[in-house]
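Throughout, the numbering used here is defined as the position within the sequence shown, counted from one, plus 85. Cβ coordinates follow ideal geometry from the N, Cα and C atoms, glycine included. Predicted, not measured: the structure shown is a model, and the values here were computed from it. So the structure is just underneath, and the comments pick up after that.
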Amino acid sequence: MNETVQSKQTVGFQTEITQLLKLMIHSLYSNKEIFLRELISNAADAAEKLRFQALSDESLLEGDSELKIRVDYDPEARTVTVRDNGVGMTRQEVMENIGTIARSGTRRFFESLTGDEAKDSQLIGQFGVGFYSSFIVADRVTLETRKAGVPAEEGVRWESAGEGDYTIESVTQPERGTAVTLHLRPDEDEFLQGFRLQEIVKKFSDHIPLPIVMRKEGPEGSKEEAEEVVNRASALWTRSREDISAEDYEAFYKHVAHDFEAPLAYLHSRVEGTTEYTLLLYLPRRAPFDLWDREPRHGVKLYVRRVFIMEDPKLLPRYLRFVRGVIDSDSLPLNVSREILQENRTLDRIRAGAVKKVLGQLEDLAKNDAEKYQTFWAAFGPVLKEGVIEDSKNRDRVAKLLRFASTGDDSEGQNVSLQDYVARMQEGQEKIYYLVADSYQAAKNSPHLEILKQKGIEVLLLWDPVDEWLVGHLSEFEGTPLQSVAQGDLDLGKLADEGEDKAHELVEQGFADTLAKIKQVFGDKVADVKLSRRLTDSPACLVLEDNALSRRMESILKASGQPVFSASKPVFELNPKHPLVKRLQDAPEQQRFEDLAWLLYDQAVLAEGGQLEDPASFVGRFNRLLQDTLTAAK
Ligand code: ADP
Ligand code: MG
Numbered sequence: 086m087n088e089t090v091q092s093k094q095t096v097g098f099q100t101e102i103t104q105l106l107k108l109m110i111h112s113l114y115s116n117k118e119i120f121l122r123e124l125i126s127n128a129a130d131a132a133e134k135l136r137f138q139a140l141s142d143e144s145l146l147e148g149d150s151e152l153k154i155r156v157d158y159d160p161e162a163r164t165v166t167v168r169d170n171g172v173g174m175t176r177q178e179v180m181e182n183i184g185t186i187a188r189s190g191t192r193r194f195f196e197s198l199t200g201d202e203a204k205d206s207q208l209i210g211q212f213g214v215g216f217y218s219s220f221i222v223a224d225r226v227t228l229e230t231r232k233a234g235v236p237a238e239e240g241v242r243w244e245s246a247g248e249g250d251y252t253i254e255s256v257t258q259p260e261r262g263t264a265v266t267l268h269l270r271p272d273e274d275e276f277l278q279g280f281r282l283q284e285i286v287k288k289f290s291d292h293i294p295l296p297i298v299m300r301k302e303g304p305e306g307s308k309e310e311a312e313e314v315v316n317r318a319s320a321l322w323t324r325s326r327e328d329i330s331a332e333d334y335e336a337f338y339k340h341v342a343h344d345f346e347a348p349l350a351y352l353h354s355r356v357e358g359t360t361e362y363t364l365l366l367y368l369p370r371r372a373p374f375d376l377w378d379r380e381p382r383h384g385v386k387l388y389v390r391r392v393f394i395m396e397d398p399k400l401l402p403r404y405l406r407f408v409r410g411v412i413d414s415d416s417l418p419l420n421v422s423r424e425i426l427q428e429n430r431t432l433d434r435i436r437a438g439a440v441k442k443v444l445g446q447l448e449d450l451a452k453n454d455a456e457k458y459q460t461f462w463a464a465f466g467p468v469l470k471e472g473v474i475e476d477s478k479n480r481d482r483v484a485k486l487l488r489f490a491s492t493g494d495d496s497e498g499q500n501v502s503l504q505d506y507v508a509r510m511q512e513g514q515e516k517i518y519y520l521v522a523d524s525y526q527a528a529k530n531s532p533h534l535e536i537l538k539q540k541g542i543e544v545l546l547l548w549d550p551v552d553e554w555l556v557g558h559l560s561e562f563e564g565t566p567l568q569s570v571a572q573g574d575l576d577l578g579k580l581a582d583e584g585e586d587k588a589h590e591l592v593e594q595g596f597a598d599t600l601a602k603i604k605q606v607f608g609d610k611v612a613d614v615k616l617s618r619r620l621t622d623s624p625a626c627l628v629l630e631d632n633a634l635s636r637r638m639e640s641i642l643k644a645s646g647q648p649v650f651s652a653s654k655p656v657f658e659l660n661p662k663h664p665l666v667k668r669l670q671d672a673p674e675q676q677r678f679e680d681l682a683w684l685l686y687d688q689a690v691l692a693e694g695g696q697l698e699d700p701a702s703f704v705g706r707f708n709r710l711l712q713d714t715l716t717a718a719k
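As structure tokens, then:
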């Protein structure tokens with residue numbers, strides 16, 4: 086090791102950390118005891134990592150295999166110390182883990198801060214405050230650590246007052262693991278009392294599967310040195326359900342999920358048979374800040390016989406990446422590498438079983454607690470939709486869990502299930518009608534809905550970016566086909582009216598020349614020009630041919646850098662009952678005819694939330710017509 090690395094260094098925090106610290110101290114002050122939960126949580130993680138690494142290299146334990154956490158306090162020095170004999174950190178690791186936030190999504194998190202304290206303190210919970218919560222109660226924090234398996238001289242001492250920088254130096258540290266010492270702020274004397282610390286440890290960390298020891302309180306003035314274990318120290322998921330309180334479940338969730346808020350729901354179940362495993366899985370209440378990252382940081386933790394193996398966001402399928410908790414199995418080999426686990430058939434079975442349980446849990450919520458299910462759907466609905474695309478085995482079950490906005494439901498909320506929809510279909514209705522648009526507003530007011538509204542036919546309204554894929558993979562639900570109302574000929578099947586059909590044919594004959602003339606105006610810009618059967622109020626709309634790529638899908642593909650081969654052309658549909666369309670039929674002079682035809686086309690683009698290719702020409706035509714009208718009205 087060279088001289089510069091060994092000597093003491095002062096390093097500035099990433100600017101984000103300084104900002105984070107300020108915000109955190111401010112917004113979490115009323116909750117300050119959580120620092121102990123976070124430090125114990127880190128200590129437990131460190132112990133579990135070591136236990137796992139020791140499976141393949143026993144020497145890492147250095148003859149000390151009794152992993153534990155120790156909480157100490159010193160009223161004279163005014164310090165609280167949390168010590169573990171876990172995996173420890175190298176100098177490099179300390180600098181990477183503490184002092185930088187090298188997490189993807191960090192920038193987005195900071196951008197999302199509003200300056201509104203109430204809102205930001207919620208966000209900070211989602212982000213996870215972890216180690217930095219120490220600074221809520223401490224004006225100086227010292228971390229001393231030595232990585233398992235390295236010589237005592239390679240210890241590291243890190244110290245900071247939480248104000249912009251920290252120092253780091255190499256020290257000799259015989260004990261493996263990490264000790265974090267908080268130098269308490271002047272008003273924080275309550276944490277210098279043993280019973281108060283014990284109370285907090287019990288409240289937050291009873292379930293930590295590792296003994297947490299404290300000095301035994303002797304009678305006043307005595308110098309009692311004995312230790313006692315102050316938590317239950319048994320893995321929560323191994324206990325029977327009757328033996329676990331709601332508080333225990335909640336506290337454990339906060340530890341495994343690195344979350345601040347209570348979970349929305351949990352499932353705890355033991356599966357016996359050829360493959361044995363226990364699941365303790367939670368649904369969070371709120372989306373984590375990295376929900377949409379390609380490489381999320383957290384996932385479900387896998388244990389084999391109570392030994393932590395890995396935390397892998399890919400343990401469950403991607404569409405269930407919001408689930409947190411523990412899967413512990415007796416049927417997996419203890420000494421396996423992550424790589425082997427990835428292709429392990431027993432693990433595949435466990436995974437499939439876990440997916441079924443989670444879906445069961447969601448079904449149960451949807452059925453018995455609509456309000457909670459709505460909370461779930463608002464946070465994770467778009468993610469669950471991916472299940473229809475990804476998980477063909479469970480597609481039907483996932484499809485039943487979907488919720489949509491609908492013309493049959495006034496609120497913008499997504500409340501309507503496919504089952505609800507089918508149950509109230511009109512007599513003779515053979516399809517589930519839907520519309521994908523750019524936003525709820527665009528969907529709700531789309532001209533494509535007009536005839537369906539008039540006939541009282543419900544249409545599901547979709548606008549999530551994932552919806553195009555969703556409907557691409559969901560061609561039917563329990564035998565009822567899904568049909569876009571903005572694509573192909575609108576086939577109302579038995580709902581159509583024969584008299585109307587006849588009348589429409591007659592009108593078409595009368596319009597034949599006009600339609601031909603419009604086609605000349607647009608050339609091969611459009612696939613066809615037709616009289617519409619779906620409009621009642623609007624003059625025109627654009628419709629995609631069956632199987633054509635929608636405009637939205639096209640722009641999504643383009644944005645993601647994928648080649649789009651055949652840019653699809655729309656069919657331009659006109660409403661023959663509309664006065665502006667009738668004007669076309671009156672054969673005005675050519676310039677006027679073209680202006681009007683183009684205006685109708687551009688309006689149709691705008692009405693579905695699209696962008697005009699040539700806005701200046703639109704304005705020019707619009708003004709020409711407007712001026713003519715105003716002149717005529719004089
Ligand atoms: P999180 O626990 O969510 O990762 P923290 O801020 O609590 O975030 O901790 C940051 C990182 O610092 C941890 O991921 C871990 O790598 C490291 N760390 C913190 N405390 C310890 C410890 N006691 N032993 C080993 N590593 C630790
Ligand atoms: Mg932590």
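Residue i Cβ short of 7 Å to the ligand MG heavy atom set
i, result
"E658", "no"
"N127", "yes"
"F212", "no"
"G279", "no"
"H383", "no"
"F345", "no"
"F374", "no"
Beta-bridge pairing of residue i - partner residues as DSSP gives them
i, result
"T230", "V241 and T263"
"S255", "V241"
"H353", "L365"
"E312", "R300"
"E630", "DSSP output for E630 lists no bridge partner at all."
"L616", "L659"
"G158", "Strictly speaking, residue 158 in this sequence is Tyr, with Gly absent from that position. For Y158, which the question treats as bridged, DSSP gives the partners V165."
Counted within 10 angstroms of its Cβ, other Cβ atoms place residue i as buried (16 or more) or exposed
i, result
"N721", "Absent from the structure is residue 721, since the part of the chain shown begins at 86 and ends at 719."
"V222", "buried"
"Y114", "exposed"
"T89", "Reliability fails at T89, whose pLDDT of 47 lies under 50, so the model's placement of it is uncertain and the value that follows must be treated cautiously. Exposed: under 16 other Cβ atoms inside 10 Å."
"L487", "buried"
"H111", "exposed"
"Q594", "exposed"
"R231", "buried"
"F280", "exposed"
"S92", "exposed"
"L711", "exposed"
"R750", "This structure cannot speak to residue 750, because the chain is shown only from 86 to 719."
"Q676", "exposed"
"N453", "exposed"
"E563", "exposed"
"H430", "Checking the displayed sequence, the identity of residue 430 turns out to be Arg instead of His. Result: exposed."
"T363", "buried"
heavy atom of the ligand ADP below 7 Å from residue i C-beta
i, result
"E239", "no"
"N170", "no"
"Y114", "no"
"A613", "In the sequence on display, residue 613 carries Asp and not Ala. No - the ligand ADP has no heavy atom lying nearer than 7 Å to the Cβ of D613."
"D549", "no"
Supposed contact pair residue j and residue i - C-beta distance, whole angstroms, cut 8 Å
i, j, result
"V521", "L547", "5 Å"
"L152", "L295", "6 Å"
"I125", "I102", "The Cβ separation is near 22 Å, so there is no contact."
"R409", "Y367", "5 Å"
"Y519", "A490", "Wrong, their Cβ atoms sit about 10 Å apart, outside the cutoff."
Pick from the options that is closest to residue i, judged by C-alpha positions
i, options, result
"A528", "L444, D130 and L691", "L691"
"I394", "E133, H292, V315 and R176", "E133"
"D574", "A597, F607 and I536", "I536"
"G262", "D609, L145 and R618", "L145"
"L567", "E543, A588, D582 and E590", "E543"
"P624", "K662, P655, F607 and L600", "K662"
"S502", "K470, D523 and E475", "K470"
"K442", "D454, F212 and R482", "R482"
"V468", "R509, V551 and T227", "V551"
"Y686", "Q99, G578 and K654", "K654"
"V298", "D631, Q459 and N170", "N170"
"R326", "S354, L450 and D272", "S354"
Interface flag, residue i vs chain C, CB-CB below 8 Å
i, result
"G240", "Judged by its chain identifiers, the structure shown contains no chain C, having just a single protein chain."
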